[in-house]
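Numbering (full-length UniProt numbering), first residue to last: 1 to 221.
Every residue, glycine too, gets a C-beta built ideally from N, C-alpha and C.
For clarity, every value in this text was computed on a predicted model and none was experimentally measured.
Reading through the C-alpha cells given below for one structure.
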C-alpha cells in the first residue's frame, strides 16, 4: 500500500520508518525541509516539502494512489483540514488525524474521521494505572454506539473463565493484556491477577457493565 504522512516530527518520522519496514511505500509531507532529517539516510520514500492540505502537494506525494493518509503535524486545524481533503477530495479510505484537543477529537470522530487525542490518551492511561476504576474507552465506531474499552475488573473475577465473565456481564472480551503482552482469549481462558480486560460493548451499556465488573461473579443478581 502507498501511504502519505503529513508531518515529519517524531511521530511522523517513526510512523514512516515503521511502515516502510513493513513493506509499504511512504511519502512524508512537511513544510520545513530540515524536518526530513529525522527520517534518516536509509529512508527510501518520498520527501515532499509543502503544506499537507494543499491538493497539488498531496498529488506530488502520491495521494491519488494512496490507500491511507495520516495527519500528525503539530496543528489540530491543519491535521483536520488535511484529513478531510484526503477523505473527501481524493477518496482515501483509511484516514487518521492526531488531535491535541480532546473535545475536537470527539467531534471529528463522530464525523467519521478517526482521531488520536494524544494529550488525553496519555493522561487517561496514567489515571487508569493510578486510579483503576470504571472503564476507559479506547475506540468508538463513527456513530458512537459501540466502543472498545478497558474495564476495571474486581479481584473476585480472578480464577473464573472468560466465558463466565461474558455470560454474566453481557460483553464480548476482545483481548487481555497479561504481563505487558496482548492475548486473544478463548472461552476457556481463566482470568489471572493483573490481567487488563478489554471489551466490546454498546455505549449505552457502559454504566451497567462497569457495575457488573465491579461486583464479583456471585453478586450479579
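Between residue 62 and residue 47, the beta carbon gap of about 12 Å keeps them out of contact (Cβ cut-off 8 Å).
Counting along the chain, residue 25 sits inside the beta strand (DSSP E) bounded by residues 25–30. Within the UniProt domain "RCK N-terminal" (1–118), the runs of alpha helix (DSSP H) at least 4 residues long that lie entirely inside it are, in chain order, 10–21, 55–60, 76–84 and 102–110. Below 8 Å, enough C-beta pairs join the region 82–91 and the region 50–60 to call them touching: three or more. Under the criterion of beta carbons closer than 8 Å, residue 196 and residue 176 qualify as touching, at roughly 7 Å. For residue 135, the enclosing beta strand (DSSP E) stretches over residues 135–140.
Under the DSSP assignment, residue 166 falls outside any beta strand (DSSP E), being part of the alpha helix (DSSP H) whose first and last residues are 162–169. Look at residue 207 here: in three-state DSSP terms it is helix. Excluding the 5 residues flanking it on each side, residue 19 has same chain C-beta neighbours closer than 7 Å at 3 and 26, in chain order. Between residue 185 and residue 173, the gap from beta carbon to beta carbon is short of 8 Å. In this structure, the beta-carbon distance from residue 71 to residue 98 falls below 8 Å. If you draw a straight line from the Cα of residue 216 to the Cα of residue 191, it comes to about 13 Å.
CA-CA distance, residue 100 to residue 85, rounds to 20 Å.
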